[in-house]
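Numbering (this note's numbering), first residue to last: 1348 to 1451.
Here is the structure we will look at.
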Amino acid sequence: MPLLTADLVDLTGTANIGWAIITLIGFGSAIPRTASSILNVLSIKVLGSSISQNLLGNDVITPAGTTYQVAIYSDQGAFISEQRYSITGLAQVDLNTLSPVTPL
């Protein structure tokens, strides 16, 4: 299971990030699953300016075409940004270097 990491900062470069919400999207009306289980947690809130979260790779989730939407909020609760990412393989993934999926 890949480990998603990131050091989050706002647009000015300040680490005043309050939380990130990571949500699996793109499965439509199908039930997202792996070869051996149904996914029952589709969204997680990670507190703080550093993310360190184990996620299933999108390459082991069916239906095909899922991605993770990552929404970032400041320590005051203001929305900062939102991007979609596709995570594959088993290696650690750093959002600071991972290219987002387009379009959002």
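Backbone N, C-alpha and C define an ideal beta-carbon position, used for all residues, glycine too.
{"Asked": "Whole angstroms are fine: how far does the CA of Thr-1359 sit from the CA of Gly-1404?", "Found": "31 Å"}
{"Asked": "Cutting at 8 Å between CB atoms, please list the residues of its own chain near Met-1348, excluding the five before and the five after it.", "Found": "Asn-1401, Leu-1402, Leu-1403, Gly-1404 and Leu-1437"}
{"Asked": "In chain order, what residues of the same chain lie with their CB nearer than 6 Å to the CB of Gly-1373, ignoring the 5 residues before and after it?", "Found": "Gly-1412, Thr-1413 and Thr-1414"}
{"Asked": "Is it buried or exposed for Ala-1353, if we count other Cβ within 10 angstroms and need 16 for buried?", "Found": "buried"}
{"Asked": "Hey, Ile-1419 and Ala-1367: beta-carbon distance below 7 Å or not?", "Found": "yes"}
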